[in-house]
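Working notes, structure below.
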Amino acid sequence: LPTLWSNRYLGGGPLSITSRSIVWRDTGAGPEAFDCAAEPSWYPLPFGEIISFDEQGTAVFLTTDVVFIAPPKPPFPAATQQGIGFRSFPFGWEILDLNPSPLERRQSYVMELVEAAGGASYLRAASPLDDGCSVTGCAYGDTQVRRVCLTGGEVLPGQPITVEVFPLGCFSSSCTVRYRTLCQVEAVNGGLEVEASFCLRDVSEERGICTDDCGGGGVASCVFAEGL
């Protein structure tokens, strides 16, 4: 199943339309018993990011850097739930990255229940943005394969290594931000196989004046836990 979703939502209007999401998420844990007054060990489930758009395409980002207040729980924290998550506009659409972290991908399924005054309603599936099987994935934009370099000294088991990624194009160091990093290392046939990627976002509209310095690229750290 996918891990990234695009979902249309509605609210208000002459028909008093409301809509809410029905979301299933892989907890990454097996069945476990817990006291009814307590919560399972994996709860609440974290998320990657949610991007909310209005009808004109204006975007508002919610990431794991946000501090949640009363209650301090992220959107869609359970294995199965109904809710509206994070929506900044009454009508619009959203992109949901329901992976718990940039280094861990878990399956999910999203549907939207739309109801109107008088009892009319319908249920539809959200649109998947990945297949849940690929190693990397950004919430929006196109994937581009470019140069990846391993930097630093000797590669030792259990020690971090540094990977530098050179994306396609010219970026401003002040108006291009890296919002997701993936770095994985595996021992394959006596050598190393490194998967590294960055997801970049242009914030020039938010910051106004940008530094024209082509300061793209960046670094990520991986831990190599196996011996060659």
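If you read the sequence shown in the numbering used here, its first letter stands for residue 831, the second for the next number, and so on. Heads up, the beta-carbon is just placed ideally off N, CA and C, and yes, glycines get one too.
- Rounded to the nearest whole angstrom, the CA to CA distance from ALA868 to GLY878 is 25 Å.
- Within the segment 838-920, the runs of beta strand (DSSP E) that reach at least 3 residues and sit entirely inside it are, in chain order, 847-855, 879-883, 889-893, 910-913.
- Assignment of beta-bridge partners to GLU1036 by DSSP yields no partner.
- DSSP places ALA956 outside both helix and strand once states are collapsed to three, so it counts as coil.
- Contact between ALA1026 and VAL978 holds: CB atoms are separated by about 5 Å, below the 8 Å threshold.
- Across the set THR1041, ARG1031, ILE880, the C-alpha of ILE880 shows the shortest separation from the C-alpha of SER931.
- Contact between CYS1044 and CYS1000 is confirmed by a C-beta separation of about 4 Å, below the 8 Å threshold.
- Ranked by Cα distance from ALA889, the first of ALA863, ARG936, THR910, LEU926 is LEU926.
- The three-state secondary structure of PRO930, taken from DSSP, is coil.
- Rounded to the nearest whole angstrom, the C-alpha separation of GLU942 and VAL1033 is 29 Å.
- If you check the CB distance, GLU945 and SER882 do not come in under 7 Å.
- Scanning its chain for C-beta atoms nearer than 7 Å, with the 5 sequence neighbours on each side dropped, one finds around SER951 the residues LEU943, VAL944, GLU945, in chain order.
- Where PHE996 is concerned, the enclosing beta strand (DSSP E) starts and stops at 989-996.
- Of the candidates GLU1035, THR992, GLY887, PRO876, PRO876 places its Cα closest to the Cα of PHE906.
- Between SER1003 and PHE891, the alpha-carbon positions lie close to 20 Å from each other.
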